[in-house]
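Worksheet for the structure shown next.
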Amino acid sequence: MRVFVTGASGHIGSTLLPELIGAGHEVVGLARSDASGKKVRELGAEVRRGSLDDLDLLREAATEADAVIHLAFSNELMMSGDFAGAVAKDLTHVGALGDALAGTGKALFGIGMQRTADAKVNATIDANPRSQVTQLIADYAQKGVRSVTFAIPPVTHSNLDRHGFIPLMISIARRTGISGYPGTGENTWPAAHTRDVATLYRLALEKAPAGAQLYAATEQGVPLKEIAEVIGRKLGIPTQSIPDEKVDEHFAGFPFVRIDFSMPNDETRELLDWTPSHPGLLADLEESHYFH
0 MRVFVTGASG HIGSTLLPEL IGAGHEVVGL ARSDASGKKV RELGAEVRRG SLDDLDLLRE
60 AATEADAVIH LAFSNELMMS GDFAGAVAKD LTHVGALGDA LAGTGKALFG IGMQRTADAK
120 VNATIDANPR SQVTQLIADY AQKGVRSVTF AIPPVTHSNL DRHGFIPLMI SIARRTGISG
180 YPGTGENTWP AAHTRDVATL YRLALEKAPA GAQLYAATEQ GVPLKEIAEV IGRKLGIPTQ
240 SIPDEKVDEH FAGFPFVRID FSMPNDETRE LLDWTPSHPG LLADLEESHY FH
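Numbering (numbering that gives the first Met the number 0), first residue to last: 0 to 291.
Set out below in structure tokens:
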């Protein structure tokens with residue numbers, strides 16, 4: 000297939016491109032800068048130079064493709080504190096891509112979790128403004144689009160992870176001299192290796208049905224205390240609980256540290272015959288690349 004990928008030079012994209020190309024697919028990666036374009040080209044894909052905000056470009060690229068994998072998001076806007084603004088932009092981007100594909104039977108893949116039978120998971124979904132984007136993508140399944148949503152775990156780890164939850168935890172531990180965790184540290188974070196996630200995208204491209212909700216976690220939930228203990232040992236600093244009244248101060252700039260849910264993957268494995276083969280989170284931390 001000819002696949003158009005946004006966020007092609009990012010954390011997941013830079014692993015996904017060679018995964019798709021190695022399986023015989025033709026890939027076009029959106030690049031908003033010369034540096035991103037160079038990276039996409041070096042990964043073996045064709046470069047489509049432009050911005051997400053160029054909606055005509057998005058529509059044209061989607062029309063020319065057999066499938067669209069939308070990984071990009073306005074992270075700079077989100078990190079500036081305007082999460083609602085970033086979501087509004089994403090709704091516009093997804094709308095342009097989806098409308099271009101409507102009635103064609105072509106694929107549109109996006110990130111997000113849909114409603115589940117788990118009340119705790121639904122509380123997490125409801126608290127995330129990006130749930131609006133997930134619903135929009137899911138709705139395109141009723142408009143002649145093979146739309147599929149991917150629940151990407153909050154920890155997607157590998158030596159390519161530079162700005163995720165784990166680098167943030169390590170940065171805070173270095174800054175404070177303590178590898179901390181809120182309360183008992185029993186809250187769990189679903190996790191997956193970047194390369195296993197890329198394999199899941201490729202399998203979905205080849206055989207996922209319209210409307211599928213895929214859970215990309217290879218580990219349903221890793222207790223935060225166990226993560227903090229490995230970080231503390233690797234950095235040679237104490238690991239300890241942070242009292243609730245001091246959590247916001249200690250983990251300043253990291254409001255998601257209290258996230259607590261699990262992400263089962265049995266149905267995803269069975270549907271696509273997905274067999275993750277890369278190290279789990281704690282084993283990956285032991286390999287030390289996060290601490291270089």
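Ideal Cβ placement from N, Cα and C applies to all residues, glycine included.
Rounded to a whole number of angstroms, what is the C-alpha to C-alpha distance between residue i and residue j?
i, j, result
"V93", "L202", "22 Å"
"Q239", "Q141", "50 Å"
"G245", "H69", "The residue asked about is misnamed: residue 245 is Lys in this sequence, not Gly. Cα to Cα, the separation comes out at about 37 Å."
"T148", "T267", "12 Å"
"F253", "D98", "35 Å"
"K233", "F290", "8 Å"
"E41", "H10", "15 Å"
"T14", "A197", "6 Å"
"S261", "V154", "12 Å"
"H288", "E218", "20 Å"
"G6", "E18", "15 Å"
"T274", "P263", "14 Å"
"G102", "Y139", "9 Å"
"R1", "R58", "15 Å"
"L271", "D265", "10 Å"
"L281", "R173", "19 Å"
On the three-state DSSP scale, how would you describe residue i?
i, result
"T217", "coil"
"L107", "strand"
"S146", "strand"
"F253", "coil"
"L294", "Residue 294 lies beyond the stretch modelled for the chain, which goes from 0 to 291, so this question has no answer here."
"T274", "coil"
"I165", "helix"
"I258", "coil"
"I241", "strand"
"S8", "coil"
"S178", "strand"
"H291", "coil"
"P263", "coil"
Can you check DSSP and say which residues form a bridge with residue i?
i, result
"P222", "T187"
"F3", "V27, V67"
"E45", "V27"
"Q141", "Answer is none; Q141 lacks a bridge partner."
"T155", "A191"
"Q212", "T148"
Report the residue from the options whose alpha carbon sits nearest the alpha carbon of residue i.
i, options, result
"I301", "E45, R47, G220", "With the chain covering only 0 through 291, there is no way to say anything about residue 301."
"L90", "E218, A137, P17", "A137"
"I230", "A197, T187, L199, L284", "L284"
"I151", "L159, A209, Y200, A106", "Y200"
"S8", "S35, A197, V27", "S35"
"E228", "T155, G184, F72, E218", "G184"
"F3", "E248, A66, E59", "A66"
"F255", "G104, D265, A207, T187", "T187"
"H249", "S50, T175, E45", "T175"
"K105", "A207, R48, G84, E18", "A207"
"L144", "F82, F72, T62", "In the sequence under discussion, the amino acid at residue 144 is Val, which differs from the Leu named in the question. Cα-wise, what sits closest to V144 is T62."
"I171", "D247, A83, L107", "D247"
"V86", "G111, A64, L100", "G111"
"L204", "P237, E45, A64, K37", "A64"
Using 7 Å as the cut-off, classify the Cβ of residue i as near or not near the heavy atoms of the ligand MG, replying yes or no.
i, result
"E45", "Within the structure as shown, the ligand MG is missing, as the structure has no ligands at all."
For the region 222 to 229 against the region 177 to 192, are there 3 or more C-beta pairs whose distance is under 8 Å? Counting Cβ pairs under 8 Å, three or more are found: they touch.
With three or more C-beta pairs closer than 8 Å as the rule, is the region 195 to 214 touching the region 26 to 38? The region 26 to 38 makes no contact with the region 195 to 214: fewer than 3 CB pairs, one atom from each, lie closer than 8 Å.
Given 8 Å as the limit, is there contact between the region 21 to 28 and the region 161 to 170, that is, 3 or more CB pairs closer than that? Flag = no, the region 21 to 28 and the region 161 to 170 do not touch.
How about the region 128 to 139 and the region 189 to 203: do they share at least three Cβ pairs that are nearer than 8 Å? No, the region 128 to 139 does not touch the region 189 to 203.
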